[in-house]
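Participant:
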Ligand SMILES: [Zn+2]
């Protein structure tokens with residue numbers, strides 16, 4: 015089998031995208047994640063072209079200039095040309111928060127919730143996260159890898175080219191390692207980019223009930239060292255909220271992660287308000303959910319590169335009337351990203367456009383803000399902004415092509431997938447005839 019790395023470097027043909035109606039480059043003079051007014055800057059080029067070589071972007075400009083370029087003229091036969099026919103092209107989405115390691119949909123929870131049971135009542139009744147734990151513990155690494163691979167393919171069909179993937183339904187040393195190994199196996203066959211996160215601190219597993227201290231010991235003394243040794247994750251995540259882990263426990267996990275040179279991130283403020291306290295000292299890449307956040311913490315947060323990642327799919331699916339207050343965060347200068355929170359319990363969606371649509375209709379983010387939050391700020395949330403999230407020379411050739419003529423249509427047509435082509439590290443993959451027809455031209 016041809017390796018992904020081999021395919022990504024050198025073997026990939028030169029790729030020229032032409033006749034792009036609107037190219038959203040997301041380039042900016044701003045250093046650091048987008049905040050405030052800069053969140054709306056899309057850097058649009060009309061009638062644009064992009065040339066890519068060896069999986070990297072080598073030039074960005076107008077179609078007429080690209081076609082006149084002497085190198086392009088000379089190498090025409092070696093170049094795969096994609097005629098975008100006036101469609102919108104943007105950087106591939108960076109979905110910076112997903113939980114793809116699970117075995118089955120949680121249909122009992124779904125029905126119970128519709129009938130009026132709360133998140134916590136479902137958990138008390140043996141549903142919720144605990145039912146996913148049983149599935150993952152019993153599953154083989156091979157079957158988990160297959161499920162993850164399917165999810166990655168689904169995500170990419172909706173325009174996502176970079177995916178953060180968390181463990182967190184194993185919650186034993188063995189099952190967390192198995193989960194991360196399965197992510198690695200699936201990622202090897204995926205043309206896009208996967209960033210792995212250890213979420214051993216998702217909930218306290220049933221066998222440690224009432225002994226969360228001892229479970230945190232397991233995370234710090236065994237899971238993190240084992241994961242670091244095998245280089246199975248870039249980040250360590252903690253679900254810091256009522257019913258999960260306290261701020262003190264979160265800081266213990268963060269301090270251990272730092273010792274092993276792993277980045278940190280947290281689920282925070284989904285169910286209750288947690289003051290940030292000294293958590294920013296650990297330089298978390300992102301704090302996710304943020305439905306409940308204290309106004310007095312916003313200036314400190316805005317002064318850092320820590321991204322507030324909002325996941326409105328969870329609010330939607332849980333049937334909540336309340337959504338994170340994106341406007342308050344943006345106005346305070348906090349860097350905001352959007353992600354799907356793809357998971358079987360509270361957000362079974364692979365669609366970044368759906369998350370963006372919810373951000374627009376429920377959180378009053380403009381379509382432009384939603385796009386920047388789903389691309390460049392998602393890249394910041396994974397500390398990958400040097401390579402991902404915008405269409406600029408030297409960055410990875412990651413794009414999504416949408417069958418629309420105006421970028422505002424991406425969050426507008428909710429519930430329909432208008433993504434017709436995804437290019438990941440220079441490799442195009444997409445829906446049938448559009449790709450076949452255009453790539454066969456030369
Ligand atoms: Zn989550």
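Numbering (this note's numbering), first residue to last: 15 to 456. Virtual Cβ for every residue (Gly too), placed ideally from N, Cα, C. Please read these numbers as outputs of a predicted model, since none were measured by experiment.
(1) Which residue comes first and which comes last in the alpha helix (DSSP H) that contains residue 425?
(2) Taking CB distances under 9 Å as the criterion, tell me whether residue 358 reaches chain D.
(3) Below 8 Å CB to CB, which residues in the same chain sit around residue 28 once its five sequence neighbours on both sides are set aside?
(4) If we count the other Cβ atoms within 10 Å of its Cβ and call it buried at 16 or more, is residue 16 buried or exposed?
(5) According to the neighbour-count rule (16 or more other Cβ atoms, all chains shown, within 10 Å of its Cβ), is residue 430 buried or exposed?
(6) What residue does the beta strand (DSSP E) around residue 367 start on, and which one ends it?
(7) Out of 154, 174, 63, state which residue places its alpha-carbon closest to the alpha-carbon of residue 108.
(8) Applying the 10 Å Cβ sphere with the 16-neighbour rule, what's the burial state of residue 59?
(9) Ordered along the chain, which non-local residues of its own chain (more than five positions away) have a Cβ less than 8 Å from that of residue 377?
(10) Any heavy atom of ligand 1 closer than 8 Å to the Cβ of residue 415?
(11) Check whether the Cβ atoms of residue 301 and residue 346 sit closer than 9 Å, and answer yes or no.
(12) Mapping the DSSP letters down to three states, classify residue 44 as helix, strand or coil.
(13) Taking the beta carbon of residue 435 as the centre, do at least 16 other beta carbons fall within 10 Å, making it buried, or is it exposed?
(14) Using the rule of at least 16 other Cβ atoms within 10 Å of the residue's Cβ for burial, across every protein chain shown, is residue 110 buried or exposed?
(15) Going by beta carbon distance, what residues of the same chain come within less than 7 Å of residue 287, once the five residues before and after it are set aside?
(16) For residue 220, which residues of its own chain have a beta-carbon under 7 Å away from its beta-carbon, when the five flanking residues on both sides are left out?
(17) Could you name the residues of the same chain whose beta carbon sits closer than 6 Å to that of residue 218, not counting the 5 residues immediately before and after it, in chain order?
(18) Do the stretch 67–79 and the stretch 403–419 make contact, defined as three or more Cβ pairs closer than 8 Å?
(19) Three or more beta-carbon pairs under 8 Å between the stretch 132–143 and the stretch 419–427, yes or no?
(20) Between 192, 248, 119, 183, which lies nearest to residue 458 when the distance is taken from Cα to Cα?
(21) In the DSSP assignment, find the unbroken beta strand (DSSP E) run with residue 32 in it and report its ends.
(22) Using a threshold of 8 Å, is the CB atom of residue 180 nearer than that to any non-hydrogen atom of ligand 1?
(23) Measure the C-alpha to C-alpha separation of residue 164 and residue 80 and round it to an integer number of angstroms.
(24) Is the beta carbon of residue 311 within less than 8 Å of some heavy atom of ligand 1?
(25) Secondary structure at residue 66, three-state DSSP: helix, strand or coil?
(26) What do you reckon, is the C-beta of residue 302 under 8 Å from a heavy atom of ligand 1?
(27) Give me the residue from 36, 246, 289 with the minimum Cα distance to residue 311.
(28) How far does the alpha helix (DSSP H) with residue 77 in it extend, from its first residue to its last?
(29) Can you find a heavy atom of ligand 1 that lies under 8 Å from the Cβ of residue 357?
(30) Does the separation of the CB atoms of residue 238 and residue 261 fall below 9 Å?
(31) In three-state terms, what does DSSP make of residue 178?
(32) Taking only three categories from DSSP, how would you classify residue 433?
(33) Would you mind sorting residue 35 into buried or exposed? The rule is 16 or more other CB atoms within 10 Å of its CB.
(34) Out of 222, 96, 156, which has the shortest C-alpha to C-alpha gap to residue 199?
(35) Do residue 258 and residue 296 come within 9 Å of each other at the CB atom, strictly closer than that value?
(36) Could you check which residue in 49, 99, 153 has the C-alpha nearest to that of residue 394?
Facilitator: Once the coordinates are examined:
(1) 423–426
(2) The structure shown contains no chain D, having only a single protein chain.
(3) 65, 66, 67, 89, 92, 93, 94
(4) Reliability fails at residue 16, whose pLDDT of 36 lies under 50, so the model's placement of it is uncertain and no value is given.
(5) exposed
(6) Residue 367 -> not in any beta strand (DSSP E); alpha helix (DSSP H) instead, spanning 366–377.
(7) If you compare the alpha carbons of 154, 174, 63 with that of residue 108, the shortest gap goes to 174.
(8) buried
(9) Taking residue 377 as the centre and dropping the five residues before and after it, the same chain places the C-beta of 324, 326, 337, 338, 339, 340, 341 closer than 8 Å to its C-beta, in chain order.
(10) Because no heavy atom of ligand 1 lies under 8 Å away, the Cβ of residue 415 does not count as near it: no.
(11) no
(12) coil
(13) buried
(14) buried
(15) 306, 307, 308
(16) 144
(17) A distance below 6 Å between beta-carbons, with the five flanking residues on each side excluded, links residue 218 to the following residues of its chain, in chain order: 226, 229.
(18) Three or more beta-carbon pairs separated by less than 8 Å link the stretch 67–79 to the stretch 403–419, which places the two stretches in contact.
(19) no
(20) As shown, the chain starts at 15 and ends at 456. That puts residue 458 outside it, with no answer to give.
(21) 28–38
(22) Yes.
(23) 36 Å
(24) Checking every heavy atom of ligand 1 against the Cβ of residue 311, none is found closer than 8 Å.
(25) strand
(26) Yes, Cβ of residue 302 sits closer than 8 Å to a heavy atom of ligand 1.
(27) The candidate whose alpha carbon is nearest that of residue 311 is 289.
(28) From DSSP, the alpha helix (DSSP H) with residue 77 extends over 77–82.
(29) yes
(30) no
(31) strand
(32) strand
(33) buried
(34) 156
(35) Not in contact: residue 296 and residue 258 (Cβ atoms no closer than 9 Å).
(36) 49
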